[in-house]
Every structure is written in C-alpha cells, then in structure tokens.
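In this note's numbering, the protein residues as written are 3 to 145.
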C-alpha cells in the first residue's frame, strides 16, 4: 500500500475487514518534566477532517479547532496519562507504553486493529506499528 492521503490508508484497511481501527499516539516524550499523555481514536468510515496531520506541525489555534472536531466526530476517544513521578520510576519508554495502553483501554469500543506510532503494545489486539505513523494514518494523526 502506497498512499499520500492518510484517510485513504485507513479506508483501505477498513475495506480489508479490519474495522473498527484505532490510531494511537503520544505527546510529552520530549519535555524534561511533565506527564506523558496518549490518545487512542476511532474515526468513523468515510470521515475526512481538513488539515489533520501531526499535531507538532500545527499552529496552536488549528490544533485546538481540530481537537474539538475530532472529539465531536470520532466514534471513540480514549486517553491515558502517566505523571512525571511515575516516569522517573519506570522510565519514559515504559511510561509511554503504559499511557498508550491506558488510552486503548479507555475506548468505549474495542478496535479490531491498532495503528501505532513506532511502538508495540502488550495488548491482545492486532497491531501495525510504523515510524511517522501520524503522516500515514488519519487515525494516528487524530490521536
């Protein structure tokens, strides 16, 4: 599959029978202090959100407007947070995995497939993990 449009990537996976699919990503791995926050998002089939891409490439105002659009249009959104104290105890990588697992568990529906940015999660759900997943999958970009 070679796609330039992250929405068509997700649609092709859905057509292959792997739905619902959830994108999962994190924020906060770069800062020296503060929590790591992860989200898991299940977008409905056929949804197109203009301007959706990696949140680090967005202006603060565009990020906020997309946040509200995703919350109102997504089939499900889950969030996981691991605070700085726990990060210090278990390290940032384990904290990231934990936050992502929490986000997936927080979803109101169980996905058939997880699309994840660069990591593999210890959950009993089929997973595709790849670098720069937020540029490839709309669901990961939404997360």
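For every residue, glycine included, the Cβ atom is placed at its ideal position computed from N, Cα and C.
Quick caveat: nothing in here was measured; it's all calculated off a predicted structure.
Task: Nearest neighbour of residue 38, chosen from 84, 109 and 75 [CA to CA] - done: By one-based count along the chain shown, residue 38 stands at place 36. Here the closest residue by C-alpha is 84.
TODO: Could you tell me which of 95, 143, 101 and 77 sits nearest to residue 112, measuring between CA atoms?
DONE: As a position in the chain shown, residue 112 is number 110, starting the count at 1. The candidate whose alpha carbon is nearest that of residue 112 is 77.
Open item on the list: In the DSSP output, which residue or residues are listed as bridge partners for residue 138?
Closed with: To locate residue 138, count along the chain shown from 1; it is residue 136. Partner(s): none; residue 138 has no beta bridge.
Task: 6 angstroms CB neighbourhood of residue 107 in its chain, flanking five on each side removed - done: The residue labelled residue 107 in the question sits at position 105 within the chain shown. So no residue of the chain qualifies.
Open item on the list: Here's the rule: buried if 16 or more other CB atoms are within 10 angstroms of the residue's CB, otherwise exposed. What is residue 13?
Closed with: Against the chain shown, residue 13 aligns to sequence position 11. Buried is the call here.
Task: alpha helix (DSSP H) segment containing residue 90, residue limits - done: Residue numbering aside, residue 90 sits at position 88 when the chain shown is read from its first letter. Its alpha helix (DSSP H) spans residues 86-92.
Open item on the list: Once the 5 residues before and after residue 43 are set aside, which same chain residues still bring their CB inside 7 angstroms of it?
Closed with: Within the chain shown, the letter at position 41 stands for residue 43. Closer than 7 angstroms at the Cβ level, and outside the excluded window around residue 43, lie 24, 25, 72, 76, 79, 141, 144 and 145.
- [ ] Would you please state the rounded distance, in angstroms, between the beta carbons of residue 105 and residue 41? I believe it to be under 8 angstroms.
- [x] What you label residue 105 is simply residue 103 of the chain shown in a count that begins at 1. What you label residue 41 is simply residue 39 of the chain shown in a count that begins at 1. Between residue 41 and residue 105 the Cβ distance is about 5 angstroms, and since that is below 8 angstroms, they are a contact.
- [ ] Apply the 10 Å Cβ neighbour rule to residue 90 and answer buried if 16 or more other Cβ atoms are within range, or exposed otherwise.
- [x] Counting from 1 along the chain shown, the entry for residue 90 is found at position 88. With fewer than 16 other Cβ atoms within 10 Å, it is exposed.
Task: Any 3 or more C-beta pairs closer than 8 angstroms across the region 93-103 and the region 117-132 - done: yes
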